[in-house]
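S.K.:
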Amino acid sequence: MLEEVLPDDATLTIAGYHRSAVTLANFPRSLRITYLGEVDDVFTLYNDARFFLAPMRFAAEIPYELYEAAAHGLPIIASDILCEQTGWNVREDILKARGGEAEEFRRSAAQAYDDHVLWARLRGNALARIMMENSQKVCAQRLEKVLAY
Numbered sequence: 369m370l371e372e373v374l375p376d377d378a379t380l381t382i383a384g385y386h387r388s389a390v391t392l393a394n395f396p397r398s399l400r401i402t403y404l405g406e407v408d409d410v411f412t413l414y415n416d417a418r419f420f421l422a423p424m425r426f427a428a429e430i431p432y433e434l435y436e437a438a439a440h441g442l443p444i445i446a447s448d449i450l451c452e453q454t455g456w457n458v459r460e461d462i463l464k465a466r467g468g469e470a471e472e473f474r475r476s477a478a479q480a481y482d483d484h485v486l487w488a489r490l491r492g493n494a495l496a497r498i499m500m501e502n503s504q505k506v507c508a509q510r511l512e513k514v515l516a517y
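For the sequence shown, position 17 (counting from the first letter as 1) is numbered 385 according to our numbering, and the numbering increases by one without interruption.
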C-alpha cells in the first residue's frame with residue numbers, strides 16, 4: 369500500500385473513466401485515497417499532484433492522458449506498454465513499472481516522491497519531450513509526410 373512508503377500528508381487521487389464492467393470494489397479503502405471517477409476538469413488535479421500514475425495493462429491508442437499530464441509538469445510513472453508506446457527513455461523521461469504489478473508502481477511512486485533529483489529530471493525531460501515531439505515544425509513535417517503518401 370502506498371501509505372506505507374509515502375509521507376503522512378501524501379494522498380492518492382484516482383480519476384478517470386472506467387467501463388461499467390470495471391469495479392473498484394476490490395481497491396483499497398483509506399482516508400488518504402479518493403476515487404473520483406470521470407471528471408470534467410483534470411487541470412485542477414494536475415495542479416495538486418506530485419506525479420501521474422498510468423498503470424494501464426492494455427493500450428490501443430495514443431496515451432494522450434499521459435502526454436497531457438507531462439505537459440502540465442507531472443513526472444510520469446507508467447506501465448511498460450505505455451513506456452514502449454511513447455518511446456521515452458526510462459529513468460530519464462519516465463519511470464516504468466510492469467502493468468498490473470502494484471508493488472512496482474508502489475516502489476516507483478516512493479522513489480519519485482523521495483528522490484528530488486530524479487523527480488526534477490523526469491519532469492524536465494518529459495516537458496522537453498512534449499515540446500520537441502509536438503512542436504509546430506514537427507507537426508508540419510508529419511503532415512507533409514501524410515499528404516505526400
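Cβ coordinates follow ideal geometry from the N, Cα and C atoms, glycine included.
#1: Return the bridge partner residues of residue 498 from the DSSP annotation.
#2: In this structure, how does DSSP classify residue 384 when only helix, strand and coil are distinguished?
#3: Could you check which residue in 421, 401, 495 has the C-alpha nearest to that of residue 438?
#4: My assumption, with CB atoms under 8 Å, is that residue 431 sits in contact with residue 422. Please give the rounded CB distance.
#5: Check whether the Cβ atoms of residue 373 and residue 474 sit closer than 8 Å, and answer yes or no.
#6: Return the chain-ordered list of same chain residues with a C-beta closer than 7 Å to the C-beta of residue 467, the five sequence neighbours on each side being excluded.
#7: Once DSSP output is grouped into helix, strand and coil, what is the label at residue 402?
#8: What does DSSP give as the partner residues of residue 464 in its beta bridges?
#9: Just reading off the alpha helix (DSSP H) that residue 438 is part of, what are its end residues?
#10: How big is the Cα-Cα spacing for residue 371 and residue 508?
#11: What residues in its chain sit with their C-beta under 6 Å from that of residue 440, if we drop five residues either side in the sequence?
M.R.: Per the coordinate set shown:
#1: Answer is none; residue 498 lacks a bridge partner.
#2: coil
#3: 495
#4: 7 Å
#5: yes
#6: 423, 424, 425, 447, 448, 449
#7: strand
#8: 446
#9: 432 to 439
#10: 46 Å
#11: 414
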